[in-house]
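Counting from 6, one number per residue, gives the positions in the sequence shown under this note's numbering. Heads up, the beta-carbon is just placed ideally off N, CA and C, and yes, glycines get one too. All remarks here apply to the structure that follows.
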Amino acid sequence: MLNLDDNITYLKGVGTERANILATELNIKTVRDMLYYFPYRHLDRTRYYPINQLNEQLGWVQIKGRITKVDVIGEGRQQRMIAYFADETGLIQLVWFRGIKWIRSSLKLNEEYVVFGKPSEFNRNLNIVHPEMETMDKHKQNLSAALLPLYNTTEKMKTRNVTSRTIHNIQIALHQQIKGSIHETLPAYIIEQLNLMKLGDALMNIHIPQSQAELERARFRLKFEELFYIQLKMLRIKGHRAKAFGGHRFTTVGEYFNTFYSKHLPFELTGAQKRVLHEIRHDTNTGYQMNRLLQGDVGSGKTLVALMSILLAIDNGFQACIMAPTEILATQHYKSFCDLLQPMGLPVALLTGSTKQSVRKKLLDDLASGQLKIVVGTHALIEDNVVFNNIGMVVIDEQHRFGVAQRAKLWKKNNTPPHVLIMTATPIPRTLAMTLYGDLDVSVIDELPPGRKPIKTYHFFDTKRLQVFQFMRDQIKLGRQIYIVYPMIKESESSDYKYLEDGVESILRAFPPPQYSISVVHGQMKPADKDISMNYFINHQADILIATTVIEVGVNVPNASVMVIESAERFGLSQLHQLRGRVGRGADQSYCILMSGNKLTTDARQRLQTMVQTSDGFAIAEADLKLRGPGDLEGTQQSGLDINLKIANLSTDNQILIIARNAAEQVLDNDPTLANNNNSILLSELTRRWRYEFDWGRIS
Ligand code: ADP
Ligand code: MG
Numbered sequence: 006m007l008n009l010d011d012n013i014t015y016l017k018g019v020g021t022e023r024a025n026i027l028a029t030e031l032n033i034k035t036v037r038d039m040l041y042y043f044p045y046r047h048l049d050r051t052r053y054y055p056i057n058q059l060n061e062q063l064g065w066v067q068i069k070g071r072i073t074k075v076d077v078i079g080e081g082r083q084q085r086m087i088a089y090f091a092d093e094t095g096l097i098q099l100v101w102f103r104g105i106k107w108i109r110s111s112l113k114l115n116e117e118y119v120v121f122g123k124p125s126e127f128n129r130n131l132n133i134v135h136p137e138m139e140t141m142d143k144h145k146q147n148l149s150a151a152l153l154p155l156y157n158t159t160e161k162m163k164t165r166n167v168t169s170r171t172i173h174n175i176q177i178a179l180h181q182q183i184k185g186s187i188h189e190t191l192p193a194y195i196i197e198q199l200n201l202m203k204l205g206d207a208l209m210n211i212h213i214p215q216s217q218a219e220l221e222r223a224r225f226r227l228k229f230e231e232l233f234y235i236q237l238k239m240l241r242i243k244g245h246r247a248k249a250f251g252g253h254r255f256t257t258v259g260e261y262f263n264t265f266y267s268k269h270l271p272f273e274l275t276g277a278q279k280r281v282l283h284e285i286r287h288d289t290n291t292g293y294q295m296n297r298l299l300q301g302d303v304g305s306g307k308t309l310v311a312l313m314s315i316l317l318a319i320d321n322g323f324q325a326c327i328m329a330p331t332e333i334l335a336t337q338h339y340k341s342f343c344d345l346l347q348p349m350g351l352p353v354a355l356l357t358g359s360t361k362q363s364v365r366k367k368l369l370d371d372l373a374s375g376q377l378k379i380v381v382g383t384h385a386l387i388e389d390n391v392v393f394n395n396i397g398m399v400v401i402d403e404q405h406r407f408g409v410a411q412r413a414k415l416w417k418k419n420n421t422p423p424h425v426l427i428m429t430a431t432p433i434p435r436t437l438a439m440t441l442y443g444d445l446d447v448s449v450i451d452e453l454p455p456g457r458k459p460i461k462t463y464h465f466f467d468t469k470r471l472q473v474f475q476f477m478r479d480q481i482k483l484g485r486q487i488y489i490v491y492p493m494i495k496e497s498e499s500s501d502y503k504y505l506e507d508g509v510e511s512i513l514r515a516f517p518p519p520q521y522s523i524s525v526v527h528g529q530m531k532p533a534d535k536d537i538s539m540n541y542f543i544n545h546q547a548d549i550l551i552a553t554t555v556i557e558v559g560v561n562v563p564n565a566s567v568m569v570i571e572s573a574e575r576f577g578l579s580q581l582h583q584l585r586g587r588v589g590r591g592a593d594q595s596y597c598i599l600m601s602g603n604k605l606t607t608d609a610r611q612r613l614q615t616m617v618q619t620s621d622g623f624a625i626a627e628a629d630l631k632l633r634g635p636g637d638l639e640g641t642q643q644s645g646l647d648i649n650l651k652i653a654n655l656s657t658d659n660q661i662l663i664i665a666r667n668a669a670e671q672v673l674d675n676d677p678t679l680a681n682n683n684n685s686i687l688l689s690e691l692t693r694r695w696r697y698e699f700d701w702g703r704i705s
């Protein structure tokens, strides 16, 4: 009997050569790998595409029609045969380079054929190279497999003749060999409750669908299972953490918080800010550790929420810190914290990689003794020599740059872990948040402070540069400041620097000193130089700041009202949104100008269009997820979770995800440790899927 962990060479139709190519190209090594290599689409073989609607993007299609003419062109190796194939709507060329003689003799004019293949464009004509074809009569007889699964293959596989069809055939052989021997991976009561298809049937129908309805049920079952186990894992982490560690209890809302709220708050809090503060106050008074993700769009006022959460900790006799991903951002937080807390006489310290040794020593002493209550910093905060007396609250700004392990380091600084508030730089789609941060509670600031003027966003091709320069001059005349950002995909890439240098030169020509003043900041400058350049701009000594993405997060210069993004097509959506968020912070109308070359890929065009059309960070995050898929989104790599799902799709399967989450919650509500007999299968699946036992201590 075949075992799922057996090597695929045990399968009929898979010899060592095919096994090799499947392993190297698709990472398929075992029978299970093959079974779980799902088709990306199923082709309904009872339907036909109208020829006039074909295009290159469709992939495999099926058409029906008749051959009107056959030509053989060229000689020898150059020879090819073209059959002109027509339906009521149009004409397409079928092309052969090999086997011409034989195929020509078998093709009949005026016979109805069904053609199956991938349309591609050649010399401006759409054609299908080496199509599969059969007469309509034969096709009708063969319709047992009406739904044909299509599998992704690589170029290399094609050259070795391992096609989607090959994989399909292997799957058929596989199912004959393992018939009835696939063990169920979900408890019977869940299957019953949700009326799920059994695993064996689902795996069979996804590869060899018996009908459209059964295929749908198979898909649902497999997607559900994939999402369910992720949710179960995340919720177990969450539950375990609450149980194992407890948390500091913040019982009072004390003097600092109240004084700040009534006397020093620079503006009325938005409803959303108030709601989130309520959630945090509730969390911190339960006796459990808070682990909360704070989502909010750029400029929604997360910093203030952080500051007030920190005051809550101080009022209850604890220390608190806020950690930012860059030195610039930490410094900025430090300054705004100082401004806001000075009136109450509450000292704040800054700790970064460039804090001077003498200052650092005193700072560390004061932290250890508990004399210093609030510290703002970068990664420097998680170094081993940083010891707190009693840290009660950790705020992490711009989460995606900190990995789970880094968060955990802060944790170890106390016996009872501090409350943790994680703030995202940009919104994350709900489905992704539930998956990546499924172990956290989530707060959302879904309201911008009042009186913000929407930023006007335009897309210009590079050829319109002079117009853009003129617009910039007009804005400078009005007293505004301008950012110009260049992509620096890899800080090390010298070609990118050349690009920046050329940019600086051309800007200097168009905006010559002394009439205009320009400041430059990029990632390879020394921190001190960076600060000088930044401050030059912050203090309005410079009209224009030319920068790479070092300014991406957090910088706050309210008088800067124009953001020009060069080669905008090279940035991702969330990055563009972040950059745009640097303007629109003052009272003036702000503008974001996206410059790009004339030639744009479909994806790039859509990204730029999305930016022009919407400024809602949540909508942009959804669009980003659709365009890029979850695996490429920022933050997913660091999350430590393999988000490249096999069948579920986080941008389209919201419903199933919610069902899976509810099911997992229900399971753990009834049986938190999964000790019941009927849940034993869940435990063994969790371990099999994630191989290791959860390393609870490492999870913050
Ligand atoms: P982000 O959520 O992007 O970190 P910030 O906390 O930097 O946003 O806030 C953006 C700007 O909005 C800051 O200048 C801040 O002072 C201001 N702000 C925050 N909350 C309010 C509010 N309730 N009313 C008016 N302005 C606010
Ligand atoms: Mg911020």
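Check                                                                                                          : Outcome
Cβ pair Phe342, Val381 closer than 7 angstroms                                                                 : yes
Val303 Cβ short of 6 angstroms to the ligand ADP heavy atom set                                                : yes
Gln98 and Ala669 closer than 7 angstroms at C-beta                                                             : no
Leu48: first and last residue of the uninterrupted alpha helix (DSSP H) it sits in                             : No alpha helix (DSSP H) holds Leu48; the beta strand (DSSP E) holding it covers Arg46 to Asp49.
In DSSP terms, what Asp389 is bridged to                                                                       : Beta-bridge pairing links Asp389 to no other residue.
Cβ neighbours of Leu112 in the same chain (closer than 7 angstroms, five flanking residues each side left out) : Ile72, Val75 and Ala88
Close Cβ partners of Gln176 (< 6 angstroms) along its chain, the five nearest in sequence each way excluded    : His212
Heavy atom of the ligand ADP within 6 angstroms of Leu272 beta-carbon                                          : Strictly speaking, residue 272 in this sequence is Phe, with Leu absent from that position. At least one heavy atom of the ligand ADP is nearer than 6 angstroms to the Cβ of Phe272, so yes.
Spatially closest choice to Ala592 from Val562, Thr657 and Gly81, by CA coordinates                            : Val562
Residues near His2 by beta carbon distance below 7 angstroms, same chain, minus five either side               : Because the chain spans 6 through 705 in this model, residue 2 falls outside it and cannot be assessed.
Through-space distance from Leu581 to Gln618, alpha-carbon basis                                               : 13 angstroms
Distance between Phe229 and Ile315 (C-alpha atoms, nearest Å)                                                  : 40 angstroms
Complete beta strand (DSSP E) runs within the region 496-552 (minimum length 3 residues, chain order)          : 523-526 and 549-552
From Asp402, Asp371 and Val400, residue whose alpha carbon lies closest to that of Val391                      : Asp371
Rounded straight-line distance, which links the Cα of Met493 to that of Lys535                                 : 16 angstroms
With 16 other Cβ atoms within 10 Å as the buried cut-off, status of Thr168                                     : exposed
Cβ pair Val310, Val281 closer than 7 angstroms                                                                 : yes
Pairwise C-alpha distance: Thr29 and Gly18                                                                     : 18 angstroms
Limits of the unbroken beta strand (DSSP E) element including Glu332                                           : That residue, Glu332, is in no beta strand (DSSP E); its alpha helix (DSSP H) goes Glu332 to Leu346.
Own chain, CB closer than 7 angstroms to Leu254, minus 5 neighbours either side, in chain order                : Before going further, note that residue 254 is Arg rather than Leu in the sequence given. For Arg254, where only same-chain residues beyond five positions count, the Cβ hits under 7 angstroms are Asn290 and Gly292.
Where Val449 falls, given that 16 or more other Cβ within 10 Å makes a residue buried                          : buried
Distance, Thr615 Cα to Pro677 Cα                                                                               : 44 angstroms
Near the ligand ADP: Pro432 beta-carbon under 6 angstroms from a heavy atom                                    : no
Beta strand (DSSP E) segment containing Ile72, residue limits                                                  : Val66 to Ile78
Through-space distance from Gly375 to Leu9, alpha-carbon basis                                                 : 58 angstroms
Heavy atom of the ligand ADP within 6 angstroms of Pro348 beta-carbon                                          : no
Straight-line Cα distance separating Thr431 from Tyr504                                                        : 28 angstroms
Met86 - DSSP class collapsed to helix/strand/coil                                                              : strand
Closer than 6 angstroms: Lys604 CB and nearest the ligand ADP heavy atom                                       : no
Selection from Gln278, Asp288 and Leu27 that minimises the alpha carbon distance to Thr171                     : Leu27
Inter-stretch contact at 8 angstroms, needing at least 3 Cβ pairs: the region 676-696 / the region 182-192     : yes
Distance between beta carbons of Met138 and Phe121, contact taken as under 8 angstroms                         : 7 angstroms
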